[in-house]
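S.K.: Sharing a structure here in structure tokens format.
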């Protein structure tokens, strides 16, 4: 007979892979350390989900939202008639709306906070539309 061989069970501890959402939140935290909205230059914060897109102009010193626009708001949602989520056209419309609202309230300069998202596609379209309609950033 052959001697009985010992079988060892090898367990490796692997680090759990981070999700895209966790990576985005990490990027957003890193951006927020450097970016503060003031009374003279509030922060234009952008968030996009699968179904909607939101942006707010925030004064971080007072912790106040000065203006906001999103695809949930009645006039925009009726005009766009979104069925499969926000498109680049919807992002442009939100950028235009937030710029007009800010100009009515006397806000011309903002600091753009992309929220950890890549500056591409819908985020870029919103930023470009806001710039075209009078916001300076």
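Numbering (my numbering), first residue to last: 1 to 137. Cβ coordinates follow ideal geometry from the N, Cα and C atoms, glycine included.
For the beta strand (DSSP E) containing residue 68, list its first residue and its last residue.
M.R.: 64-70
S.K.: From the DSSP output, which residues share a beta bridge with residue 24?
M.R.: Partner(s): none; residue 24 has no beta bridge.
S.K.: DSSP three-state label for residue 111, please.
M.R.: When secondary structure is reduced to three states using DSSP, residue 111 falls in the strand class.
S.K.: Which residue comes first and which comes last in the beta strand (DSSP E) that contains residue 44?
M.R.: Per DSSP, the unbroken beta strand (DSSP E) holding residue 44 starts and ends at 43-48.
S.K.: Take residue 65 and list the residues in its own chain whose beta-carbon comes closer than 6 Å to its own, dropping the five residues that flank it on each side.
M.R.: 56, 58
S.K.: Please state if the CB of residue 136 and the CB of residue 93 are separated by a distance shorter than 8 Å.
M.R.: When the beta-carbon positions are compared, residue 93 and residue 136 stay at least 8 Å from each other.
S.K.: Candidates 22, 32, 44: which alpha carbon is nearest residue 126's?
M.R.: Nearest to residue 126 by alpha-carbon distance, out of 22, 32, 44, is 44.
S.K.: Quick one, are the C-beta atoms of residue 80 and residue 69 less than 8 Å apart?
M.R.: no
S.K.: From residue 29 to residue 23, what distance separates their C-alpha atoms?
M.R.: 10 Å
S.K.: For residue 42, count neighbouring C-beta atoms within 10 Å of its own C-beta (all shown protein chains included) and say buried if the count is 16 or more, exposed if not.
M.R.: buried
S.K.: Which term fits residue 39, buried or exposed, when burial requires 16 or more other beta carbons within 10 angstroms of its beta carbon?
M.R.: Taking a 10 Å sphere around the C-beta of residue 39, we find fewer than 16 other C-beta atoms and assign the residue as exposed.
S.K.: From which residue to which residue does the alpha helix (DSSP H) around residue 128 run?
M.R.: That run of the alpha helix (DSSP H) goes 122-132.
S.K.: For residue 48, tell me which candidate among 129, 134, 124, 131 has the shortest Cα-Cα distance.
M.R.: 124
S.K.: Going by other Cβ atoms of all chains shown within 10 Å of its Cβ, with 16 needed for buried, is residue 86 buried or exposed?
M.R.: buried
S.K.: Buried or exposed: where does residue 119 fall if 16 or more other Cβ atoms within 10 Å of its Cβ makes it buried?
M.R.: exposed
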